[in-house]
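Novice: Residue numbers (the working numbering): 125 to 485.
C-beta atoms are modelled at their ideal positions from N, C-alpha and C, and glycine is treated no differently.
Sharing a structure here in structure tokens format.
So this is what it looks like as structure tokens:
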């Protein structure tokens, strides 16, 4: 086994092998995540000195200082001709480690990503709140980039993105696109959101709605006539509504429900699953559109009833995660076991998919 080369060669290897992530940690060779599974590279396990060398090679002096003070750092990194990467560097057991996410060099279309047909209509909404949710690595940033690109190609407007870090670079097409990165262009999401309303935006992208201040500012921006797109780490539309409401003090929650009911456009929840055959991954999603029935349930705090509205809302383009998984199984894109493992309600998935002979129950 050879010693690990420099980080540039490892990043090129990640792109060459179609990896989504490169993981650098002590005691293992550099690891590549391909189609959701980790694979070792053909190098020796890394020492603390090597992990430090590899990760420090990606940071400039300012970033190194911030990392040494904060013990962790997010940033983006570009290699001319090889690609762009989202980097998280951290300490673990006193040694430097890192995860480098490969950012695709081009923004894919809705069709290429397997997104629902009415996502174009959602992206072109004149105002309101559009939420894309799901676990880490479920393609949320990729979906939002596709939505921004779709608007950019079709609408003369001002788009402001607030990201940590910037992943996809957007050129000015029909729209003016200003992209702000946490740390280098602004101090935090909520500070950037406070000032963005003075920047004459039409569309605002909030990379991550993590806390009370950011969520409150995003709702206010949607309420004042802007289209606001954001992400949360939630696994269903009802959970998303509950998560937003729960970050507010109890005496504000009723008002927040009213604001959400008036301003929500849609919630798209995603997960990426390994394909049954041929490698690669496929998108599974749940889509809730803010119809009058959905708005009423949000306003009344009856989020537990939202699932039944999504189940019966097919004429509006709504679909539950379980119905989407069952459809992917019927189209032979995923295995039955994978659909069952990722289902929100396994019994509902089994009913929709039609349990095959010999399937685990």
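Tell me the residue span of the alpha helix (DSSP H) that contains residue 233.
Specialist: First-last for residue 233: undefined, no H or E at that position.
Novice: Classify residue 485 as buried or exposed, calling it buried when 16 or more other Cβ atoms lie within 10 Å of its own Cβ.
Specialist: Because the pLDDT at residue 485 is just 44, under 50, the model does not fix this residue reliably, and the value given afterwards should be weighed accordingly. It is exposed - the Cβ of residue 485 has fewer than 16 other Cβ atoms within 10 Å.
Novice: Taking residue 311 as the reference, which of 288, 301, 295 has the closest Cα?
Specialist: Of the listed residues, the one whose Cα sits closest to residue 311 is 288.
Novice: Are there three or more Cβ pairs, one per stretch, closer than 8 Å when the segment 311 to 325 is compared with the segment 338 to 350?
Specialist: They touch, by the three-pair rule.
Novice: Quick one: grab the DSSP three-state call for residue 277.
Specialist: Three-state DSSP puts residue 277 in a helix.
Novice: In whole angstroms, what is the alpha-carbon distance linking residue 266 and residue 231?
Specialist: One C-alpha to the other measures close to 7 Å.
Novice: Considering Cα atoms alone, identify which of 155, 404, 391, 178 is closest to residue 167.
Specialist: When only C-alpha atoms are compared, the closest one is 155.
Novice: Does residue 242 come out as helix, strand or coil in the three-state DSSP assignment?
Specialist: Reduced to three states, the DSSP call for residue 242 is coil.
Novice: For residue 190, name the three-state secondary structure that DSSP assigns.
Specialist: Helix.
Novice: Alpha helix (DSSP H) containing residue 355: first to last residue?
Specialist: It is not in any alpha helix (DSSP H) - residue 355 instead sits in the beta strand (DSSP E) that spans 351 to 356.
Novice: Measure from the alpha carbon of residue 365 to the alpha carbon of each residue in 395, 237, 333, 375, then state which is nearest.
Specialist: Taking only the C-alpha atoms, the option nearest residue 365 is 333.
Novice: Is it the case that the Cβ atoms of residue 355 and residue 330 are separated by a distance below 9 Å?
Specialist: Yes, the Cβ-Cβ distance between residue 355 and residue 330 is below 9 Å.
Novice: Could you give the DSSP three-state label for residue 73: helix, strand or coil?
Specialist: The question about residue 73 has no answer, for the chain in this structure spans 125 to 485.
Novice: Would you identify the three-state DSSP class for residue 458, choosing helix, strand or coil?
Specialist: The answer is coil: DSSP assigns residue 458 none of H, G, I, E or B.
Novice: If you draw a straight line from the alpha carbon of residue 361 to that of residue 185, how long is it in whole angstroms?
Specialist: Taking the straight line joining both Cα atoms gives about 42 Å.
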